Amino acid sequence: MKLIRHTTAAAILATLCLAAEVPQAGQPAPDFSLPSQEGPNVSLKQFHGKWVVLYFYPKDMTQGCTIEAHNFQQDLPKYTSANAVIVGVSVDSTDSHKEFCTKESLTFKLLADTDKKVVDSYGSLGSRGVASRNTFLIDPAGKIAKVWTGVNPGKHSEEVLAALGAMK
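Residues in the sequence shown are numbered from 25 upward in steps of one, following this note's numbering.
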């Protein structure tokens, strides 16, 4: 039993050591190309010239993730007027995203990172194998303007809008 605990602890430690660091403000945003709930791949390059709110979340149809998505959806007109798009990413499948969008009336893109490469490239792969609740505000030139880690889903959209307004 002791060996199993030590092996498990070593595996967790190794995973944490291998996880990518969270990119910081001023750095170029790591590019990505992932399928959305609508099917075709979406890449960061498609949004050149726009602000991008790239938010990572743990799981479709869970309480905190639903609250966060609802708040982004409710504030979508404010983001659109600020020349910003909202893009959510989790390790869930496109089918799960499609169901989540239909059930919750979400109209922005949710991307499926089932192999966890993009989540990891943004330093957002949690210890349970799902995305951590982190957000990156990416400027129109593709650089990270602001980073939030471990966000409060109930207040987060307001925080992002305030930061976006201060940067314009």
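Just so you know, even glycine gets a beta-carbon here, dropped at the ideal spot from N, CA and C. No experiment lies behind these values; they were computed from the predicted model shown.
- Contact check for A155 and Y81: beta-carbon distance about 6 Å, within the 8 Å limit, so the pair qualifies.
- With 16 or more other Cβ atoms inside 10 Å of its own Cβ, P54 counts as buried.
- Within the segment 84-110, the runs of alpha helix (DSSP H) that reach at least 4 residues and sit entirely inside it are, in chain order, 87-98 and 100-105.
- Here H121 is buried, its C-beta having at least 16 other C-beta atoms within 10 Å.
- When only Cα atoms are considered, V109 and L135 end up about 13 Å apart.
- The alpha helix (DSSP H) runs lying completely inside the segment 41-77 and spanning 4 residues or more number zero.
- The beta carbon of G174 sits closer than 8 Å to the beta carbons of S156, R157 and N158 from its chain, once the five residues preceding and following it are set aside; these are given in chain order.
- In the same chain as E45, and ignoring 5 residues on each side of it, the C-beta atoms closer than 7 Å to its own belong to G147, in chain order.
- The C-alpha of Y103 lies about 18 Å from the C-alpha of V113.
- Following the DSSP letters along the chain, one finds F160 inside the beta strand (DSSP E) bounded by residues T159 to I162.
- DSSP, read as helix, strand or coil, puts A165 in coil.
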